Amino acid sequence: MVAGPTYDALLRDTAVALTAAGIDNVRFEARLLLGHAAGLSIEQLVARGRDPAPADVTAAMRELTGRRVRREPMAYILGEREFWGLLFKVSPAVLVPRPDSETLIEAALDLLPERERPLRILDLGVGSGCLLLTLLREYPKATGVGVDASPEALAIAGENAGMLGVASRARLMVDDWRQAGWTDRLGGPFDLLVSNPPYIETSTIAALMPEVANHEPRLALDGGPDGLEAYRIIAAAAPTLITAGGWALVEGGEGQAIDISGIFASVGMSPLAPRKDLAGVERVVASQH
Ligand code: GLN
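In terms of this note's numbering, the sequence shown is residues 397 to 685.
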C-alpha cells in the first residue's frame, strides 16, 4: 500500500486550496482544520508533521477543506466559537458570536456594576445565547429569558446554557416579535434588555463577505430596507418591558448608532453616547428607562 500524505503535506495542500479561495490566514486555518480532522492539538500536529496521516484523517481533511473553500465560516465547521472567554457551540442556525458583541457585555458590566443583583434579563433574538448566557455567568443571581423565532437556534442556546452551567436560570422560548401579543408572553418586566438584532439593509446582504451572505441565517441579518426595522419594534416595546431605571442595550452596525439612539429617544427612553468596539465603530446604544 502506498503511504498517504503526511500531516505536513495535508497542511500545505489545504493552505494552497484556501489561498485559491481568497481566504486570509491560511496556515492558521489549515492547522485548525487539521487539528479538528485528526483530533490532535497543534503541538501534536507539529510533532507528527512528517508522519503519514491515516486515511480517515486525509478523507476528513478533504471534506473540511471543501467546506471552507465554499466559504463556510470556520465556526460552523469547527462547531464552536469562543466569546468572552467562554466556549459556545454554534451551527448554521445561529449567527457566529463576534468580538464586536463583547462591547455589549462590557457596557452592561459598567452600567450595572453590582454583580450580586438578582437582575432579570431579556435577550431578544438570543441565537447561540452568547449575550444572555455570558451575562448570566457574570451576574450569578440573575435570571434570564431568551427569545428567538428559530427553534433550531434555541436548541443550540439550550445546549450552551447547559454547558455553561446556567440552564436553571435561563428560560428559552420560541416567539416572534412580528407576531401580535409577543410582549405579553415574556413574563416581564426586566431590569436589562439586550439584543443583537438583524441590522443589515436587505439590499446589501448579498454584498457582504460570502461567509456571512451565503451561510449565516438570514433571520439574524436582515434588518429590512433601512436595516432599522428590528430597533423600531424593540424600542416600541421597551417601555413596557423594562422597569423604571432599567436599561436597553442593543448592538448596531457601523453608522447606525445615531438612528438607533433617535428611535429609543422617540419612545421616551434616554440613550447614552454610543459605546465603541475595539475597531472604533460605535457599536452599542444603551438607553435608560
Ligand atoms: N455583525 C453582523 C455582520 O457583521 C451582523 C449581525 C446582525 O445583523 N446583527 O455582518
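For glycine and all other residues, C-beta sits at the position ideal for the given N, C-alpha and C.
As the structure is a prediction and not an experimental result, all values here were calculated from the model.
Cutoff 9 Å: residue i Cβ touching any chain D Cβ
{"i": "ARG446", "result": "As a matter of chain content, chain D is missing from the structure shown, which is built from one protein chain."}
Own chain partners of residue i with C-beta closer than 6 Å, once the 5 adjacent residues on each side are dropped
{"i": "ILE501", "result": "TRP480 and THR530"}
{"i": "VAL465", "result": "ALA413 and ALA417"}
{"i": "TYR627", "result": "ILE656 and ILE659"}
{"i": "PRO448", "result": "ALA399, GLY400 and THR402"}
Cα-Cα separation between residue i and residue j, rounded to whole angstroms
{"i": "THR539", "j": "ILE552", "result": "19 Å"}
{"i": "LEU624", "j": "ALA634", "result": "15 Å"}
{"i": "VAL608", "j": "GLY475", "result": "16 Å"}
{"i": "ILE517", "j": "SER591", "result": "11 Å"}
{"i": "PHE484", "j": "TYR472", "result": "11 Å"}
{"i": "ASP496", "j": "ILE596", "result": "15 Å"}
{"i": "LEU568", "j": "ASP673", "result": "28 Å"}
{"i": "GLN575", "j": "LEU520", "result": "14 Å"}
{"i": "ILE584", "j": "ALA549", "result": "Residue identity check: residue 584 is Gly in the sequence provided, not Ile. Distance between the alpha carbons of GLY584 and ALA549: 22 Å."}
{"i": "GLY561", "j": "ALA451", "result": "38 Å"}
For residue i, three-class secondary structure by DSSP
{"i": "GLN575", "result": "coil"}
{"i": "SER564", "result": "helix"}
{"i": "SER524", "result": "coil"}
{"i": "ALA644", "result": "strand"}
{"i": "GLN684", "result": "strand"}
{"i": "SER497", "result": "helix"}
{"i": "SER666", "result": "strand"}
{"i": "LEU483", "result": "strand"}
{"i": "LEU508", "result": "coil"}
{"i": "LEU588", "result": "strand"}
{"i": "GLU478", "result": "strand"}
{"i": "PRO401", "result": "coil"}
{"i": "ARG628", "result": "helix"}
{"i": "ASP420", "result": "coil"}
Own chain partners of residue i with C-beta closer than 7 Å, once the 5 adjacent residues on each side are dropped
{"i": "LEU505", "result": "GLU534"}
{"i": "VAL422", "result": "ALA411, LEU414 and THR415"}
{"i": "ALA653", "result": "PRO670, GLU678 and VAL681"}
{"i": "LYS537", "result": "GLU512, ARG513 and PRO514"}
{"i": "THR598", "result": "ASP618, GLY620 and PRO621"}
Own chain partners of residue i with C-beta closer than 8 Å, once the 5 adjacent residues on each side are dropped
{"i": "VAL663", "result": "ALA631, ALA632, ALA634 and PRO635"}
{"i": "VAL522", "result": "LEU528, GLY542, VAL543, ASP544, ALA549, LEU550, ALA553 and LEU568"}
8 Å contact criterion, which residue i and residue j should meet: CB distance rounded
{"i": "LEU582", "j": "GLY642", "result": "With a Cβ gap of about 14 Å, LEU582 and GLY642 do not count as contacting."}
- prompt: How do the segment 604 to 619 and the segment 542 to 558 stand: do at least 3 beta-carbon pairs fall below 8 Å, yes or no?
  reply: yes
- prompt: Touch check for the segment 453 to 461 and the segment 405 to 421: three-plus C-beta pairs under 8 Å?
  reply: yes
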